[in-house]
Amino acid sequence: MTGFFKGNGANCARIIPNSAVKFYSYEQASRAILWLYQTQTGQENAELTPVLRLGAGACAGIIAMSATYPMDMVRGRLTVQTSDSPTRYRGMVHAATTIIKEEGPRALYKGWLPSVIGVIPYVGLNFSVYESLKVWVSKRNVQESGLEPELTVLTKLGCGAVAGMVGQTVAYPLDVVRRRLQMVGWKDASSVITADGQRRTPVQYTGMVDAFRKTVANEGFGALYKGLVPNSVKVVPSIAIAFVTYELVKEVLHPEYRITD
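For the sequence shown, position 126 matches number 114 in the numbering used here, and the numbering has no gaps at all.
This is the structure in structure tokens:
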């Protein structure tokens, strides 16, 4: 059973600063983009469009991903190691220092490029779809009842779940490539057990494009979506809960602000 929780400590250590940086960056980027939009159009009451929200979310995702990527790299290595791996990482710190010692400091950013490219539609769509759905639901409530009641927690969870599913599906191939690139250069990568129960040396990639090409050529296009379902089961509710929790905390601490302000 403990195998299901490999790398969970590293993931928890990563997700806390990642979420903090992401939400803060989104608010700042949203305000900056909205100010520029209002200035250029001359409309003081203009609001963020879905495309502008996507841009703000993309900026936030890039900043958060870049700031916490080494921890994601460490999590990936901790997750796939087995009891038969010649070099056993004993934890986050040991894994990080071992990677730096054996592969160099730059190894902590292996797979960074596809991650950044993937985070643009992933986080961008998360924020854009979530905010746009909330606006759509609010307008629909006004049309049906003539009132604009506060959206319920359940409604916000639904908006967050849809946003998470859309972003996850669009960006998932880049996430697969990122994971594979993170294994490049690891001398014990051959100890990883594949889905068919066999151990074999993984394909070596020279970069993101090469990883895409070899993955599709060797395993077919469907390989780019391996693990999508179990990953969605984890990611979709977590994104929905993250959005709702963030808004609830904001309402308690600073009721004059909202994520869409």
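Cβ coordinates follow ideal geometry from the N, Cα and C atoms, glycine included.
Out of Leu145, Gln69, Asn(-1), the CA that lies nearest to the CA of threonine 233 is found in Leu145. A straight-line Cα-Cα distance of about 45 Å links tryptophan 124 and alanine 84. The DSSP-derived three-state label of lysine 214 is coil.
Per DSSP, asparagine 33 lies in no alpha helix (DSSP H) and is assigned neither H nor E. Apart from sequence neighbours up to five positions away, the residues of its chain that approach alanine 149 with a beta-carbon distance below 6 Å are Val224, Ala228, ordered along the chain. Taking all protein chains shown into account, serine 116 has 16 or more neighbouring C-beta atoms within 10 Å of its C-beta and is therefore buried. In chain order, Val172 place their CB closer than 7 Å to the CB of glutamine 192, counting only its own chain and leaving out the 5 sequence neighbours on each side. When rounded, the separation of the alpha-carbon atoms in isoleucine 87 and threonine 29 is 50 Å.
Of the other Cβ atoms in all chains shown, fewer than 16 fall within 10 Å of the Cβ of threonine 27; this residue is therefore exposed. For the set Leu139, Ala205, Thr203, Asn206, the Cα lying nearest the Cα of leucine 236 is the one of Leu139. Shown here for arginine 2: same chain residues with a beta carbon closer than 8 Å to its own, the five before and five after excluded, namely Thr56, Met59, Asp60, Arg63 in chain order. Going by beta carbons, glycine 112 and alanine 46 fall inside the 8 Å limit.
Phenylalanine 231 sits buried, since 16 or more C-beta atoms from the chains shown fall within 10 Å of its C-beta.
With 16 or more neighbouring CB atoms inside 10 Å of its own CB, alanine 48 falls in the buried class. The beta carbon of glutamate 239 sits closer than 7 Å to none of the beta carbons in its chain outside the five residues before and after it.
Only residues of its own chain outside the window of five on either side were considered, and among them Thr56 have a CB closer than 6 Å to the CB of proline 5, listed in chain order. If you look at glutamine 131, you'll find it in the alpha helix (DSSP H) that goes 100 to 133. One thing to note: valine 104 has its Cβ within 8 Å of the Cβ of methionine 53. Cβ atoms of leucine 216 and tyrosine 160 come within 8 Å of each other, at about 5 Å.
Between serine 120 and proline 38, the C-beta spacing is below 8 Å.
Taken in chain order, the complete alpha helix (DSSP H) segments of 4 or more residues contained in the segment 54 to 95 are 80 to 91. Straight-line spacing of the CA atoms in tyrosine 12 and valine 141 works out to 22 Å. The C-beta distance from arginine 168 to threonine 203 rounds to 7 Å, short enough to meet the 8 Å contact threshold.
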